[in-house]
Structure formats: structure tokens, C-alpha cells
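Residue numbers (the working numbering): 864 to 1065.
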């Protein structure tokens, strides 16, 4: 933290984090980076150890420091009662959503229009265009986009949203192969990433 202050770098301190990336309140820590895997690195380190920096995917490095270790223990019922009730409720909702989504998929596969199906179930139909792999698109989470890219043109599909209590039923209406553009920002980013990888290997 002192070094970061001297060099005007961003420093974040977490009171506690478990192997699943959750804080003391049991909720995922949003500020904790997924890539590189700093959680696994921290859990294989120790207090006071000089740790190696982790390389960031877009360039740059992440330093981390373990300042304390709390031994794992079984929490009593009073500590987890609300979480257990919430998880049970979410699991029940997710199961019913899965059953409903499967029913809707069966009807879509025999030719029923998505608009008719939505009307029957009191749902809305929305259209998303220009989807790109591993990227959210408006109301469509990245997790759903990944499933869409595994679905053939004209076929229906179903995917879990950002949480188990959210479910998407969709139909792929068009597939467009993008033209390669060497001057595009994505291509330049890929080139930089490859050059960094080659330099690291050497």
C-alpha cells in the first residue's frame, strides 16, 4: 500500500476473502479481478512472503500481499440461517424456471412462434443484434451470449442469466461471419497480446 501511494498506483484492501471470492458478508467481491487468478495465488502464499507479480490480460501487473490468515471453520446456524433460506428459495425458483424453459423449448422446436409463446406466458420478446463472443450485449449477459454462439441459426435455445433465478429463452435468427480487419482495435489488441506472450516465453 505504501509503494502504491508513492507511485500513484491503485491499491485495494480486502478485510477477508474466501476461496470462492466472497467477503465477510458471503457475497462475491466485485472489485476482485477474475483474471489473473489472484485468489488461488494468495491462498498458496503466506503472510510476509514476497510474492511474484501477476500479469494482467491487457498489459501491466498486479501485486498482492497476504496480511493475515483466518483458519476455516464450520459456521453455526445463526450465522448462515438467512443465507440458507435465500439459497433454498433461489434453488426452488431456478428448478421451476428450468422446467418452464424446457416446456417452452419443446413448443418452439415444433414451430410455435416466439411471440405467441411469450404472449401465452405473459412475457416480452426483445431482439438483440451484433452479439460478440464473451461480451454482454445490452440486456443479454455475456453468459447467455456464450450459449447463443453454440446454437445453430434458426434453432431455439435456453440459458441461465447472471443468476440462477434468471432464465433466457431465445431463437438465433441470423449468423454473420465478420470480415477480418487488420486495422480494427480488436485485431491490434490481439497482436499486442500475442507479442507480450512471445516476449514472456522468450
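The C-beta atom is built at its ideal place from N, Cα and C for all residues, glycine as well. Keep in mind that this is a model prediction, so the values were computed, not measured.
DSSP places residue 1021 in the uninterrupted beta strand (DSSP E) bounded by 1019–1023.
Beta-carbon to beta-carbon, residue 889 and residue 946 are separated by about 6 angstroms, close enough to satisfy the 8 angstroms threshold. If the five residues before and after residue 1059 are omitted, its C-beta is found closer than 6 angstroms to no C-beta atom of its own chain. When only Cα atoms are considered, residue 1044 and residue 942 end up about 55 angstroms apart. In the DSSP secondary-structure assignment, residue 1033 is bridged to 1020.
Taking a cut-off of 8 angstroms for Cβ pairs, the stretch 928–935 and the stretch 991–1011 do not touch, as fewer than three such pairs fall below it.
Secondary structure at residue 995: coil, using DSSP grouped into helix, strand and coil. Spanning the alpha carbons of residue 991 and residue 925 requires a straight line of approximately 35 angstroms. If you check the CB distance, residue 1028 and residue 960 come in under 8 angstroms. In this structure, the beta-carbon distance from residue 964 to residue 1030 falls below 8 angstroms. Rounded to whole angstroms, the gap between the alpha carbons of residue 1036 and residue 950 is 35 angstroms. When C-beta atoms of the stretch 1005–1025 are compared with those of the stretch 1044–1053, fewer than three pairs fall below 8 angstroms, so the two segments do not count as touching.
In this chain, the alpha helix (DSSP H) harbouring residue 1007 covers 1005–1011. Within the same chain, 1004, 1006, 1007, 1030, 1031 come within 8 angstroms of residue 1024 by CB-CB distance, once the 5 residues on both sides are set aside.
Residues 1020, 1022 of the same chain have their beta carbon placed closer than 7 angstroms to that of residue 1010, with the five preceding and five following residues left out of the count.
Here DSSP, grouped into helix, strand and coil, assigns residue 971 to helix.
Comparing C-alpha distances from residue 883 to each of 944, 1013, 1064, 901 shows the shortest one belongs to 901. Assigned with DSSP and collapsed to three states, residue 899 falls in coil, not helix or strand.
A buried status is given to residue 892, since no fewer than 16 other beta-carbon atoms sit within 10 Å of its beta-carbon.
Looking at 1040, 919, 904, 920, the one whose alpha-carbon comes closest to that of residue 913 is 904.
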